[in-house]
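If you're matching positions, the sequence shown starts at 109 in this note's numbering and goes up one per residue.
Cβ coordinates follow ideal geometry from the N, Cα and C atoms, glycine included.
Quick caveat, the model's predicted, so the values are computed rather than measured.
Encoded as structure tokens, the structure appears first; notes follow it.
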Amino acid sequence: MTDNQRKVQIQYALTALAGASAIGLATIGYLLWEYSDHALGTRRHTDGIPQPAGAKALIGHLPLLGGNWVNVRLEESLKMRKQLGDVFMTSIPWKNQIETFLPEDVECVMKDPYIFVKGAAQAEQFVEFFGHGIFLSDADPWRLQRKTASNIFNVKNFRDFFGPIFISESQRLCNHLAEVAKTGTKLDIQDLLLRATIDSFGLLSMGTDVGALKMKPVYKDGRYTLPDVPFMISFDAILAHQVIRFTNPFWKWNEFFGDSNGKAIKQHQKVIDDFSYSVIRERRQQLVASGGLKDKGRMDLLDFFMQVEVEGNPPDDKFLRDVVMNYIIAGRDTTAQTTSWLIYELARNPEIEKKMREEMKQFLGDGPADYELLKNLKYTTCVWNETLRLHCNVPTAPRVATQDITLPSGYKVYKGETVQWSSWAMGRSEKIWGPDASEFKPERWLKDDGSVMKASQWAWPVFNCGPRICLGMNMATQEALVIMSDMYRNFHFEVVGEDEPRKWGHFSENVAERAGRYNVGVTLGFRNGLDVKVTRV
């Protein structure tokens, strides 16, 4: 090759490089101009919807939602509402999310499960735990599961099946509380309640007692504890790791390259799957040996779903596993975690505790909390409802639009965008609940005739709403009333250890400045538990 030929080749290469650089710079310039005030992959809104200040080119509000935000997310959302109004929008790469706190918007989103759906993104974020169960399913798969599950939620089962299981587990729980009171130790009451409810819902959903309450206690440093149950540990841990994906639009890349969050999810998924599949295999073997379900009296959820057809075929183990896990978390967390918040509130409101205990003694005496007798506990039900108002178990609920639509508030939602509301923040709305919305006040639920008020499902969507309203909400309330009645007829609880920094998402010596007492998870549990001392009454 001659020198001239080399020079020509170099000139061609430099020209190509310059052209590529120019194209690259032009592309970057275009992206910076096009996404100057919102995130990459999202649509600019021109309808005047309020947004937090400080959106960055290409990444939008990602810096605002990073850092410690996930640990104090509910208080931060409430602050945004106070600053921006009842409807506002945040933008992160490939996701515009409209936050609404208006009941009329919630109704619009939830009344038709085909216009707003759970969506593929949410399903991907939680697939290792929920799989294709009822929580993440849409359309026909959701309808099939809901119709089948509805067979178990009837009065006969409430009275004859659920009730005895709840009473038995509650008595087992109270045996532990009696020992704690006797020894003067302290314990994490949330852990004990979660053990009781995972045992009871293990029986209800798949006929298996997890055995979380059957462990022998261990005493250490003045604390009453029970040994870990691997299934229960992984049950909680996997959801905490999956929630982290919500604020990281690049979580798939991170996990592809082996980040610790993805590894932890796989580890806990294996524990959950091993336990679930072993139960399902054992049930199939029992059915073969007994000749089917025809002679079985009482049926659990797994029995009902083993009889359905999925796309013309018998259900496989994966389908059954997903169904069972969805119903266990729905029943376990709602009752245990909300009852923990109830204990927290009553410890600060002794006059409410006294009034509730008097009602329990009046109608139940010293006997079991029978299904029919529970109907008399009006004030106790109000205490439960008030706890749900301020500490709803699923504090936020997102939905994805399948078409362009305008909300009653007047703001446009484009296809593929997310609308989310916070039941936690709505429970603190003075527009909905009046000027005393921040107060724990069970009396707000009592009508003049002594009956319990039924709140609008759109203003109080603590059990979801519309066609997707929770099938098991009455069962969760029944179990809660059984446990509350047994606990408070016999014991008083003093909350201790609230000045430990590890229990707060944001800790301050000034109590009023603390935030994030809740955990990182789909449901609203206490961060690092709720320690109590127990005394007999």
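In the DSSP assignment, find the alpha helix (DSSP H) that holds residue i and state where it starts and stops.
i	result
L395	S368 to S398
Y479	Y479 to L482
A161	That residue, A161, is in no alpha helix (DSSP H); it is neither H nor E in DSSP.
P458	P458 to L472
E419	From DSSP, E419 is part of no alpha helix (DSSP H); its letter is neither H nor E.
Q253	A247 to A257
N362	W359 to F364
I346	P338 to V351
D411	L409 to F413
L498	K486 to L498
C104	Here the chain covers residues 109 to 645 and nothing more, so residue 104 does not appear.
I228	A quick correction: the sequence has Ala, not Ile, at residue 228. Taken as a continuous stretch (DSSP letters only), the alpha helix (DSSP H) holding A228 covers A228 to F238.
For the beta strand (DSSP E) that residue i lies in, which residues bound it at each end?
i	result
M108	As displayed, the chain neither begins before 109 nor continues past 645, which places residue 108 out of reach and without an answer.
Q528	T526 to S530
F601	F599 to V603
R331	R331 to T333
A509	T504 to A509
K203	K203 to T208
List the whole-angstrom C-beta distance separating residue i from residue j, where the pair is believed to meet the contact cut-off of C-beta under 8 Å.
i	j	result
E236	Q377	4 Å
G315	L173	Not really, about 42 Å apart at Cβ, beyond 8 Å.
F601	V640	5 Å
T276	I591	Contrary to the premise, residue 276 reads as Ser rather than Thr in this sequence. Going by Cβ atoms, the distance from S276 to I591 rounds to 12 Å, so no, they are not a contact pair.
D441	L312	So it is not a contact: roughly 14 Å between Cβ atoms.
T355	W177	7 Å
S185	E207	7 Å
D594	A477	6 Å
F209	S537	6 Å
R181	F269	Rounded, the Cβ-Cβ distance is 38 Å, inconsistent with contact.
F261	L589	Not confirmed; about 16 Å, so no contact.
A455	V603	4 Å
Closest to residue i by C-alpha separation, out of the options, would be which residue?
i	options	result
G162	I136, L140 and T198	T198
Q205	V527, P543 and S278	V527
K611	I157, E621, N627 and E602	N627
R429	E587, A444, V379 and P575	V379
F238	Q394, K539, Q350 and R644	Q350
P201	I167, S530 and E232	I167
E215	R181, G574 and E587	G574
D220	E467, A545, E466 and T510	T510
L170	A505, F358, T631 and L285	F358
Q253	S537, E419 and D512	E419
K483	F261, V560, V318 and K462	V560
T495	I346, E547, E587 and K255	E547
T443	W177, S517, M581 and V521	M581
R280	F270, W250 and M323	M323
I157	D145, L210, V195 and R151	V195
L472	N598, Q159 and K523	N598
Y452	Q470, Y479, E606 and E390	E606
E621	L632, D512 and P609	P609
Y327	A588, W361, S258 and D296	D296
Q159	V491, E480, M188 and G399	M188
S384	G370, V318, T514 and A372	V318
G193	F365, M534, V642 and W566	M534
T305	W250, E287 and F274	F274
V570	A438, D557, K469 and K523	A438
T631	N493, K469, E525 and V502	V502
K463	L285, Y596 and D344	Y596
V263	Y479, I513 and E461	Y479
A231	G137, R353, S342 and R251	R353
Whether or not the region 322 to 334 and the region 432 to 449 are in contact is what I'm after, with contact meaning three or more pairs of Cβ atoms, one per stretch, closer than 8 Å; do they touch?
In short, these stretches do not touch, since the Cβ pair count stays below three.
Considering only residues of the region 515 to 574, which uninterrupted beta strand (DSSP E) runs meet the minimum length of 3 residues and lie entirely inside it, listed in chain order?
DSSP runs (the beta strand (DSSP E)) wholly in the region 515 to 574: 526 to 530.
What are the complete alpha helix (DSSP H) segments, minimum 4 residues, inside the region 163 to 198?
List check, alpha helix (DSSP H) in window: 181 to 192.
Answer yes if the region 534 to 551 comes into contact with the region 478 to 491, meaning at least three C-beta pairs across the two stretches below 8 Å, and no otherwise.
They touch, by the three-pair rule.
Let me know the beta strand (DSSP E) ranges lying completely inside the region 266 to 326, each 3 residues or longer, listed in chain order.
If only complete runs of 3 or more residues are kept, the region 266 to 326 shows the beta strand (DSSP E) at 294 to 296, in order along the chain.
What ranges does the alpha helix (DSSP H) occupy inside the region 597 to 641, keeping only unbroken runs of at least 4 residues that lie completely in it?
Unbroken alpha helix (DSSP H) runs of no fewer than 4 residues, entirely contained in the region 597 to 641, are not found.
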